[in-house]
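Structure record follows, encoded as structure tokens.
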Amino acid sequence: MKIFKNKFFILGFILLIAAIALYLIFSKKPVIEYTAAKVYRGSLTQTVSETGTVKSNNEVDLNFSASGKIANILVKIGDEVKKDQIMAELDNSDLFLKAKEAQANLRVAEANLAKLVVGATGAELAVSQASVNQAKTAHDSALKELVKTQNTVQEDIRQAEKNLNDLYLTSGATITSEQRTLQNYKAVSLTIMSTKISVAGNALDNIQTILTDDDAKNYLSVSNISLLEIAKNNYNQALPGLALAQTSLTAAESSQTNENITKALTEALSALNKTFNALKDCYSMLEFSIVGSSFTQTELNTYKTNISAQQTAVSTGLTAVQTAQHNFNDSINDLNNAILAAKNDLATAQVTGEQQNTTAQAKI
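The opening position of the sequence shown corresponds to residue 0 in numbering that gives the first Met the number 0, with each subsequent residue numbered one higher.
If you want it as structure tokens, here you go:
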């Protein structure tokens with residue numbers, strides 16, 4: 000054990016000596032050597048290599064009196080230039096062409112001047128006179144055409160105005176077919192209304208006869224009393240309607256205006272409808288009536304026959320008045336359409352005429 004410790008101590012000592020030796024060897028600084036030289040004055044030369052663009056401290060913007068395409072460049076970048084030195088030349092081919100053109104125009108002007116100084120030749124005078132004659136002929140022709148156009152336009156407008164005015168005539172040789180048709184249906188409507196209003200009046204008289212029959216009053220509509228009241232009410236409503244229709248008819252016959260005739264047709268239809276309803280209810284009332292000593296079956300049957308006949312007559316009257324109203328309204332519409340078309344034709348004739356006159360005047 001002691002021997003081992005001695006060996007360890009010896010080994011450690013050796014390593015320490017080695018470490019000190021290595022430190023001394025590597026940490027030793029090199030020895031600086033100095034050389035002595037004699038001091039003297041001389042030139043120092045140093046070469047520097049650089050790349051870039053040399054730029055002047057002062058720059059001048061160049062202005063030129065004319066613009067164009069450059070034909071030649073007489074200097075290079077970096078060249079030194081002097082005052083009044085030409086640096087570039089423009090392409091002047093266009094200037095040469097303009098110069099030649101100006102020379103040609105000058106020669107033409109000189110030639111024209113020479114003609115004016117010398118005077119026109121006979122051939123030129125003949126050509127000029129022919130042109131004058133041709134222009135005069137064209138002018139005279141244009142004047143004649145203008146007069147002709149004006150006359151045609153005036154005639155077209157006059158005829159269009161006449162066609163329009165004729166549509167407002169209600170009689171005479173120049174009455175239009177539309178106006179004649181309207182006048183015919185107007186007369187037919189007045190006649191039919193007069194006839195059919197009388198039919199309605201006769202029908203209401205028959206109803207009144209039944210309702211005021213003292214012998215029948217205790218037997219009428221005994222099986223359905225409400226029908227008797229309905230028949231009386233409808234009869235009472237039909238009476239003023241008939242009177243109003245008669246009044247409207249009288250006014251229409253007097254004035255002969257389309258408005259009054261239209262109103263009379265409407266009132267006549269209303270009166271006939273009310274009369275027909277009254278007849279229908281009266282017949283229903285008779286259906287629920289009975290007979291007795293003072294009101295026989297024969298009398299009841301006679302009343303039914305009369306009311307049935309009146310229903311047929313009033314129904315026929317309704318159809319006739321409706322047809323008359325339809326035809327009358329159609330004839331009014333046809334006339335109004337014809338008037339509108341005539342107004343349009345007149346306006347067209349006026350506009351077209353003005354255009355034709357303007358065109359003819361422009362040729363003078």
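Just so you know, even glycine gets a beta-carbon here, dropped at the ideal spot from N, CA and C.
Closest in C-alpha terms to Q182, from the list F12, L243, V313, I260, comes I260.
For I72, the three-state secondary structure derived from DSSP is strand.
Under the DSSP assignment, I338 falls in the alpha helix (DSSP H) whose first and last residues are 296-361.
Taking all protein chains in view, the Cβ of G352 is crowded by 16 or more other Cβ atoms within 10 Å, so the residue is classified as buried. Excluding the 5 residues flanking it on each side, S288 has same chain C-beta neighbours closer than 7 angstroms at Y218, L219, S220, V221, L299, in chain order. A straight line joining the alpha-carbon of E258 with that of S193 spans about 17 angstroms. Taking 8 angstroms as the cut-off, the Cβ atoms of I206 and A244 do not count as close. Rounded to the nearest angstrom, the Cβ distance from E177 to D333 is 5 angstroms, consistent with a contact under 8 angstroms. At least 8 angstroms separates the beta-carbon of Q324 from that of L271. If one requires a minimum length of 3 residues, the beta strand (DSSP E) runs lying completely within the stretch 87-164 are 87-89, in chain order.
DSSP places F275 in the uninterrupted alpha helix (DSSP H) bounded by 257-286. Taking C-beta atoms as the reference points, A251 and L203 fail to come closer than 8 angstroms.
For the options P239, S253, S283, the alpha carbon positioned closest to that of E266 is the one of P239. With contacts defined by Cβ atoms closer than 8 angstroms, A348 and D139 do not form a contacting pair. Distances from the CA of F275 to each of Q309, I85, S225, I224 were compared; the closest alpha carbon is that of Q309.
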